[in-house]
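Step one of this worksheet: look at the structure below.
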Amino acid sequence: MKPDISVIIPFLNEAENIENLVHSLNNYFAEATYKTEILFVNDGSTDDSLVRLRNQKHVNYQCKIISLSKNYGSHAALRAGIYESGGNYTTFMYADLQDPLNLINLLKAKIEEGNDIVWAHRNSTKVSFSEKTFSLFYSYMMKKFALPNYPEKGFDVVMFNRKIANELNKNIEKNSSIFLQILGMGFIQSSISYNKNPRNAGKSKWTLSKKIKLFIDSFIAFSFAPIRFVTLVGIALFFLGILWTTYIGLRAVFFRDLNQGWPSLIAILTIGFGITNISLGIIAEYLWRTLDSSRNRPVYIVNEIIELKNEP
């Protein structure tokens, strides 16, 4: 029978959290009045997460493991889960359970009001200064230059209906944010807020390098602002060069007081080459993604799909 809700849970080296995760899922869905399927997506774990997950007793929900051939990143893992999902509604949860499971009921109630997409954003929580700064900067830049409807408080979890899932499966984007892709689709959207839980065990995989990659991917995939920035910088430097040339020409003709100086020349060259390299780097990002897309390599490769028995 077709499930009402598909819950996709990607994991990477979460051995310490597997037992608590399955125990929490068993307890939570014991009270559910709807049919649920859980799709665990193994994103190239190198510890014994997969073995522990297979050895757990799963009750009160259908479940299977989608094991990828290597680590492709959380967004690719989520896309793999969506492709294999069959529920009327789809949502994401994570193995550390920092996002409480009762969000599923809250999101379901909101989406049944007639929404196609429902976002969940966290209330203010104690986070490090660097994490808070990155989050605020990312939200501001996305709203300003990429997607005007980007929520000011951002988002952490989303639920969407089958129509959205089908659209995502038609266009599996590489080097892109699945959340921004969903947000940019339009349709009827709403949001709720919630309190995030502290991490129970293990270490977060949301590293600085992944944050930087997400920031770059988001701009390259959803905004022309970087290319426009290169154009504007070029125009500004052109007019600045004309003004500077006119100025030194007039000084040389009327005052004859200009002295040749290496410091000023070095400063000009340094600034000029710095801006040129930044511009070339931005253009190269677009070219690389165009090349990467033209190769038509898969966003992810499924190694195996393991059907887990639902035990009474």
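Numbering of the sequence shown is given in the numbering used here, commencing with residue 1081 and proceeding in unit increments.
Just so you know, even glycine gets a beta-carbon here, dropped at the ideal spot from N, CA and C.
Since the model is a prediction, treat every value here as computed from it, not as a measurement.
How many whole angstroms separate the CB atoms of residue i and residue j, which I take to be in contact at a CB cut-off of 8 Å?
i            : j            : result
residue 1147 : residue 1386 : 7 Å
residue 1196 : residue 1241 : 5 Å
residue 1091 : residue 1149 : Contact flag wrong, Cβ pair sits at about 15 Å.
residue 1171 : residue 1237 : 7 Å
residue 1094 : residue 1176 : 7 Å
residue 1123 : residue 1157 : 4 Å
residue 1166 : residue 1082 : 6 Å
residue 1235 : residue 1259 : 7 Å
residue 1275 : residue 1203 : 5 Å
Are residue i and residue j closer than 8 Å when you measure CB to CB?
i            : j            : result
residue 1239 : residue 1187 : yes
residue 1126 : residue 1084 : no
residue 1441 : residue 1121 : The question about residue 1441 has no answer, for the chain in this structure spans 1081 to 1392.
residue 1201 : residue 1154 : no
residue 1231 : residue 1271 : yes
residue 1355 : residue 1313 : yes
residue 1145 : residue 1388 : yes
residue 1379 : residue 1152 : yes
residue 1191 : residue 1220 : no
With 16 other CB atoms within 10 Å as the buried threshold, where does residue i fall?
i            : result
residue 1228 : exposed
residue 1222 : buried
residue 1343 : Its pLDDT being 46, under 50, residue 1343 is placed unreliably in this model, and the value from its coordinates should be taken loosely. Classification of residue 1343: exposed, given that the 10 Å Cβ count is below 16.
residue 1333 : exposed
residue 1087 : buried
residue 1316 : exposed
residue 1109 : buried
residue 1131 : exposed
residue 1245 : buried
residue 1256 : buried
residue 1199 : buried
residue 1216 : exposed
residue 1119 : buried
residue 1367 : exposed
residue 1105 : buried
residue 1262 : buried
residue 1330 : exposed
residue 1323 : exposed
Can you determine whether any heavy atom of the ligand ZN sits closer than 7 Å to the C-beta of residue i, and answer yes or no?
i            : result
residue 1089 : No copy of the ligand ZN occurs in the structure displayed, which carries no ligand at all.
Between which two residues does the alpha helix (DSSP H) holding residue i run?
i            : result
residue 1096 : 1095-1109
residue 1155 : 1154-1164
residue 1244 : 1242-1250
residue 1188 : 1183-1191
residue 1125 : No alpha helix (DSSP H) contains residue 1125, which DSSP labels as neither H nor E.
Could you give the first and the last residue of the continuous beta strand (DSSP E) run that contains residue i?
i            : result
residue 1259 : Element bounds for residue 1259: not the beta strand (DSSP E) but the alpha helix (DSSP H), 1258-1263.
residue 1119 : 1116-1122
residue 1383 : 1382-1388
residue 1419 : Since the first and last residues shown for the chain are 1081 and 1392, residue 1419 lies out of range.
residue 1200 : 1197-1202
residue 1087 : 1085-1091
residue 1272 : 1269-1274
residue 1169 : 1169-1172
Give a yes or no on whether the minimum CB-CB distance between residue i and chain B is below 8 Å.
i            : result
residue 1263 : Protein chain content of the structure displayed is limited to a single chain, and chain B is not contained in it.
Would you call the region 1152-1162 in contact with the region 1128-1142, where contact means no fewer than 3 C-beta pairs closer than 8 Å?
no
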